[in-house]
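*Asks:*
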Amino acid sequence: MKAIKFFIRGDFDSAYLYRGRLILFSRFSCIAILELSDIVDKIQEKFPYTAPFIEWCFAKNEWLSNDQSRSLLKHPLLFRLFNRWLTTVQNWQPDLELTDFRVILYEAVKNCFDTVLDCVIYNGRIYFATDNSLYHIDADWLRKRVAFPPTLTKRLDTRCVSLSARYGAINASSAHDGLFSAFNEFPTTGESFREPSIIDGPSWKSDWCSYDIVNYDASFHPRLLRTTREPVSKEKTYERDKLFLTSVSEVKQPLSSFVGKESPAGANARFEDSRLVFNLNQNFYTVNSNNEIDSVKLSYPRHSNRDEPAPEPQLRANPQNALSSQKLIDEVLSTCTMPVYDGLVFETCDSVKFLSKDGIITLIDEAAVAVKTYPKSIDYQNLVTVVVEDGVWLICMVDENV
Amino acid sequence: MDSTKNGQKCEEGIRFPANGGVHAYLSDVRHREQSGSGNQHKSFWNEEVPPEKEYELFSFSVLLDWGEEGGNNFGVMDPPEPLGTRKEVLAKFWRPVNEEEPWHGHPISPKLRKGDAIPKSVLAKWHDEFIISRSLYMKIMRQKV
Chain D
10 MKAIKFFIRG
20 DFDSAYLYRG
30 RLILFSRFSC
40 IAILELSDIV
50 DKIQEKFPYT
60 APFIEWCFAK
70 NEWLSNDQSR
80 SLLKHPLLFR
90 LFNRWLTTVQ
100 NWQPDLELTD
110 FRVILYEAVK
120 NCFDTVLDCV
130 IYNGRIYFAT
140 DNSLYHIDAD
150 WLRKRVAFPP
160 TLTKRLDTRC
170 VSLSARYGAI
180 NASSAHDGLF
190 SAFNEFPTTG
200 ESFREPSIID
210 GPSWKSDWCS
220 YDIVNYDASF
230 HPRLLRTTRE
240 PVSKEKTYER
250 DKLFLTSVSE
260 VKQPLSSFVG
270 KESPAGANAR
280 FEDSRLVFNL
290 NQNFYTVNSN
300 NEIDSVKLSY
310 PRHSNRDEPA
320 PEPQLRANPQ
330 NALSSQKLID
340 EVLSTCTMPV
350 YDGLVFETCD
360 SVKFLSKDGI
370 ITLIDEAAVA
380 VKTYPKSIDY
390 QNLVTVVVED
400 GVWLICMVDE
410 NV
Chain A
13 MDSTKNGQKC
23 EEGIRFPANG
33 GVHAYLSDVR
43 HREQSGSGNQ
53 HKSFWNEEVP
63 PEKEYELFSF
73 SVLLDWGEEG
83 GNNFGVMDPP
93 EPLGTRKEVL
103 AKFWRPVNEE
113 EPWHGHPISP
123 KLRKGDAIPK
133 SVLAKWHDEF
143 IISRSLYMKI
153 MRQKV
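Residue numbers (the numbering used here), protein chains in the order written: chain D, 10 to 411; chain A, 13 to 157.
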């Protein structure tokens, strides 16, 4: 596995990739938007030897994350060229300035907050969690030059530390103050936004397990919040989601409680004894005190008779999972999954590393300010953005064996 | 009372007298694991932070004004290092109700306790004066440490 990366110097809090753009939240409370195609063009101008694959890695990235591209790259000539290119650029780490690129600046956010703690873009809407609030902005991404409204919308008046969005809902973790959620975020004209309401106790992170919400009230304590949903009407689009959430159950169950007849022995103990838990959809990973990763899958039984209550999901063995039986290291501060390579990007106090079936490689050798992967994206499945003290790294993970 | 390097041993711990603008300070034995206080809710200084180092951190905190006007003070090592037995990297120093009494302190974790949040003004000062990195600043903001 190789990491191709470049660095853009600047003072940022957070970074996000969306619809061909790199969105940067500046430390001085403004949003900078850069076109990935412009970045790649400028890089190719400055470093001609990076062409043509640099474009495949960062601007037309889907070529590296689907089967079609893999078969194309298996052609002997292309495979040879690509591997030669990888050898040339593997230690290439250009240092670029924001002023090297065409930048759209959105400054209406100035003076509204000090620090952006997390951001997520869903269905065209930029949500950002700050030290004092949750805000959103509806940007028009279809225009050549992204257009913004003159003001931003404040959604919640409390510090938010992490966000997750899907199925027409936004979840905001507010540490000790709890998990807030707003459903039906894109109502038909005339309806106003719903105030996010508290749906669970302390929350540092939330994620999705099928259509349900997983709340992490500590790095090793996931709880499942069952939801109800309805189909999205045909004239609407919620990214690729076909259902939207309508409510969340009052009952919040720890993952360790979903033990049934088909669960592997000690499935509940794995959660109770772990020092770190993370999930990618229904796959849950536990890390024990010896740093060994184990995986179980939360399976939802088929539910054909709608008159009866849905049966409880059950934890099942997950032996085929690539991360199972891998070993992590001490002091992991946060994790982000990269399903395209069955990999895991993780942050320690002084580095960012990548774990896959081939072992661990170091991506960045310094403390990170913010790390993001894009597991639900089509185009950026193998990209990582890492904000550090003096800039942002864009990293493309490439399997040289295609 | 027995004498240590700078302080005097007493029943409650080690008492450091007021000195050069720094208030009197008690390194409270109840925040030392060996005290056997048995209180699982208390945080404890780790072995790398003996009472003298605890007092030194308190002195920095007072002299560099890492507190709120009329309120408590806070501490962090430069560069940051674990202070507590639960890897806490931050400390809180309590202003006594009665000014005659000494201050005392212990390691804190905003992640473990809501009441351990660092005031914004103190956090901004640490960041602006390069006492802590942007990375640690964000981790404190996100209540991840």
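Even for Gly, the Cβ is constructed at its ideal location relative to N, Cα and C.
Relative to the ligand MN, is the shortest distance from any of its heavy atoms to the C-beta of D:E244 smaller than 7 Å?
*Replies:* The ligand MN is not part of this structure, which contains no ligands at all.
*Asks:* Mapping the DSSP letters down to three states, classify D:F195 as helix, strand or coil.
*Replies:* Reduced to three states, the DSSP call for D:F195 is coil.
*Asks:* Under 8 Å: do the region 100-108 of chain A and the region 206-214 of chain D share three or more Cβ pairs, one atom per stretch?
*Replies:* The region 100-108 of chain A is not in contact with the region 206-214 of chain D.
*Asks:* Under 7 Å Cβ-Cβ, which residues of chain D neighbour A:M153?
*Replies:* In chain order: T124, L126, D140.
*Asks:* Whole angstroms are fine: how far does the CA of D:V241 sit from the CA of D:N75?
*Replies:* Cα to Cα, D:N75 sits roughly 27 Å from D:V241.
*Asks:* I'd like to know whether the C-beta of D:L45 is nearer than 8 Å to at least one C-beta of chain A.
*Replies:* Cβ-Cβ to chain A under 8 Å: no for D:L45.
*Asks:* So which residues of chain A does D:V378 contact, with C-beta pairs closer than 7 Å?
*Replies:* Near D:V378 (Cβ distances below 7 Å), the residues of chain A are R146, S147, M150.
*Asks:* For D:R36, name the three-state secondary structure that DSSP assigns.
*Replies:* Three-state result, D:R36: coil.
*Asks:* Applying the criterion that 16 or more other CB atoms from any shown protein chain within 10 Å of the CB defines a buried residue, is A:V88 buried or exposed?
*Replies:* A:V88 comes out buried.
*Asks:* If you drop the 5 nearest sequence neighbours on each side, which residues of the same chain put their C-beta closer than 8 Å to that of D:D250?
*Replies:* Once the five neighbours on either side are set aside, the close Cβ partners of D:D250 are R175, Y176, G177, V241.
*Asks:* Please compile the residues from chain A whose C-beta is within a distance smaller than 8 Å of the C-beta of D:L342.
*Replies:* Under the 8 Å cutoff, chain A gives K151, K156.
*Asks:* Can you tell me whether D:K14 is buried or exposed? The criterion is at least 16 other CB atoms within 10 Å of its CB, across all chains shown.
*Replies:* Label assigned to D:K14: buried.
*Asks:* In angstroms with no decimal places, state the Cα-to-Cα distance between D:L43 and A:G82.
*Replies:* Going by the C-alpha atoms only, they are around 47 Å apart.
*Asks:* With 8 Å as the threshold, decide whether the Cβ of D:V170 is near any Cβ in chain A.
*Replies:* D:V170 counts as touching chain A.
*Asks:* Going straight from the alpha carbon of D:A156 to that of D:D149, what length do you get?
*Replies:* Looking at the two C-alpha atoms, the distance is approximately 5 Å.
*Asks:* So, D:F229 versus D:R164, is the Cβ gap smaller than 8 Å?
*Replies:* No; because the gap between Cβ atoms is not below 8 Å, this pair is not in contact.
*Asks:* Rounded to whole angstroms, what's the CA-CA distance from A:M13 to A:R42? Just pull it up for me.
*Replies:* Summary for A:M13: the model assigns pLDDT 46, below 50, so the residue's position carries little reliability, and this model does not support an answer.
*Asks:* Just to confirm my understanding: we take D:V98, look at its own chain, exclude 5 residues before and 5 after, and list those with CB closer than 7 Å. What are they?
*Replies:* Excluding sequence neighbours, D:V98 sits near I13, T59.
*Asks:* Tell me which residues of the region 159-186 of chain D have at least one Cβ-Cβ distance to chain A shorter than 9 Å, keeping chain order.
*Replies:* Result list: R168, V170, S171, A184, H185, D186.
*Asks:* Taking Cβ to Cβ, would you say D:L364 is nearer than 8 Å to D:L337?
*Replies:* Yes; because the gap between Cβ atoms is below 8 Å, this pair is in contact.
*Asks:* Should D:E398 be flagged as near chain A, meaning a C-beta pair shorter than 8 Å?
*Replies:* True, the Cβ-Cβ gap to chain A drops below 8 Å.
*Asks:* Is the region 84-99 of chain D in contact with the region 46-66 of chain D, if contact means three or more CB pairs nearer than 8 Å?
*Replies:* Taking 8 Å as the limit for Cβ pairs, the verdict is that the region 46-66 of chain D does touch the region 84-99 of chain D.
*Asks:* Could you say which of A:G32, A:V109, A:P114, A:R154 lies nearest to A:G25 if we only look at CA atoms?
*Replies:* Of the listed residues, the one whose Cα sits closest to A:G25 is A:P114.
*Asks:* Could you tell me which of D:F189, D:T246, D:I32 sits nearest to D:Y225, measuring between CA atoms?
*Replies:* Selected option, being the one with the closest Cα: D:F189.
*Asks:* Residues of the region 111-128 of chain A with a CB closer than 7 Å to any CB of chain D: list them in chain order, please.
*Replies:* So the list reads K126, given in the order they occur along the chain.
*Asks:* Which of the three DSSP states is assigned to D:Y25 in this structure?
*Replies:* In this structure, D:Y25 counts as strand in the three-state DSSP scheme.
*Asks:* Measuring CA to CA, which of D:G400, D:I146, D:V380, D:V407 is closest to D:D20?
*Replies:* When only C-alpha atoms are compared, the closest one is D:G400.
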